[in-house]
Amino acid sequence: MVFEIFRYYPDKAIAAVAGGSYFIASLCLFVRLFMNKAWWGLCLPVASTFMSIGFFMRILMAINPNSLPIFMVQQLLTLLPPAAYLAFNYILYGRFVANCIDRCSSWIKPEKVARYFVISDITTFFIQGVGGGLEVSTKMTNEKLGANILLSGLVIQTLSFTFFMILCAHIWRGVLQDGFLLRREPWGPILWILMFSSTAYMIRSIYRVIEIAQGNGGYLVTHEIYFYLLDSLPLLIGLCTYIIYWPTEYLEASSRLTNEMTERR
């Protein structure tokens, strides 16, 4: 079954490396989370943990290539968790705008950004889940329908995230026009890491859309290397950005600076 879909058997060694990398990233993110007590960011390490399980499931999938349950779990755990990565960026954007710059700089009120985009992601999450479940059906009609539903969910999610990146670019442009130098502001790194991680996630989203659009037997789906280079690696790079530059440190520094300036007045 696995060979009929992918035209290859998953490489167990690469899957183990990927699973181990995501697991280590999860542990580091949990440490960051508990050290800073930033419970709002819990979605990031939890989703990364599920991703690591998904990669380890690829090992079982190689050992049991005809197991439908293993295949379905592996597909869902490598396809759906990135929605939580996007949610983290939405929440960070709202906190950044609300606490660090002029709230009027954002087209959408910072308190509502996460709500709107998370609702969009939850909707596309279920669409992708339904599509992914139908895609592995033994019935040809269900398989084609599932692929189309999955593709529509991915396209909507990608378009939604594109609009979010436009919001970030608009904020960046406004900050520069107001005369701020990012390297001199305590909150400056937030914009850099937000745009960098979002760009990494966008690479993965575009890859997934093209992969599903090509259908079974397509070039991307039948070459495992692209799954790791254009899906797993960009997501991991985006995650590791927050391990190195945990955003609450910059949010707190900006808040302390604002309080000091208020006290001086």
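Residue numbers (numbering that gives the first Met the number 0): 0 to 264.
Beta carbons are placed, not taken as given, at the ideal position from N, Cα and C, and that holds for glycine.
Computed from a predicted model, the values in this text were never measured in an experiment.
- prompt: If we ignore side chains and look at the alpha-carbon of each, how far apart do Ala61 and Pro233 end up?
  reply: 24 Å
- prompt: Using DSSP with H/G/I as helix, E/B as strand and the rest coil, what is Arg6?
  reply: coil
- prompt: Where do the N-terminal and C-terminal ends of the alpha helix (DSSP H) with Gly19 fall, by residue?
  reply: 11–35
message: Could you tell me the alpha carbon to alpha carbon distance between Asn258 and Asn98, rounded to whole angstroms?
response: The predicted model places Asn258 with a pLDDT of 47, which falls under 50 and marks its position as unreliable; any figure quoted below should be read in that light. Each residue's alpha carbon lies about 11 Å from the other.
- request: Determine, using beta carbons only, whether Val208 and Thr157 come nearer to each other than 7 Å.
  value: yes
query: Alpha carbon to alpha carbon, how far is Glu184 from Cys103?
result: 19 Å
query: Is it the case that the Cβ atoms of Ser25 and Ser47 are separated by a distance below 7 Å?
result: yes
query: What span of residues does the alpha helix (DSSP H) with Asn63 cover, start to end?
result: Taken as a continuous stretch (DSSP letters only), Asn63 belongs to no alpha helix (DSSP H), as it is neither H nor E.
Own chain residues within Cβ distance below 7 Å of Phe188, not counting five before or after: According to the sequence shown, residue 188 is Pro rather than Phe. Answer for Pro188: Tyr244, Tyr249, listed in chain order.
- prompt: On the premise that Asn215 lies in contact with Ile4, defined as a C-beta separation below 8 Å, what is that separation, rounded to the nearest angstrom?
  reply: 6 Å
query: Cα-Cα, which of Met194, Val154, Pro246, Thr221 is closest to Ile165?
result: Met194
field: Nearest residue (CA-CA) to Arg6, options Met71, Thr240, Ile205, His222
entry: His222
- request: Would you mind working out which of Ser105, Arg94, Asn147 sits nearest Thr123, comparing C-alpha positions?
  value: Asn147
message: Tell me the DSSP secondary structure of Phe179 in three-state form.
response: coil
message: Please state whether the Cβ-Cβ distance between Phe49 and Gly18 is less than 7 Å.
response: no
- request: Enumerate, from N- to C-terminal direction, the unbroken alpha helix (DSSP H) stretches of 4 or more residues contained entirely within the segment 143–171.
  value: none
CA nearest to the CA of Trp38, picked from Gln176, Met0, Leu91: Leu91
query: By how many angstroms is the C-alpha of Gly145 removed from the C-alpha of Gly132?
result: 7 Å
query: If you draw a straight line from the C-alpha of Ser231 to the C-alpha of Ile69, how long is it?
result: 19 Å
Alpha-carbon spacing of Tyr200 relative to Asn88, whole angstroms: 10 Å
field: DSSP-derived helix/strand/coil call for Asp120
entry: helix
- request: With DSSP collapsed to three states, give me the class of Met130.
  value: Residue identity check: residue 130 is Gly in the sequence provided, not Met. Correct three-state label for Gly130: helix.
query: When the Cα atoms are used, what is the spatial distance from Phe2 to Asn65?
result: 9 Å
- prompt: Which value, in whole angstroms, describes the spacing of the CA atoms of Pro81 and Thr247?
  reply: 21 Å
query: Taking the C-alpha atoms as reference points, what is the distance between Glu210 and Val112?
result: 29 Å
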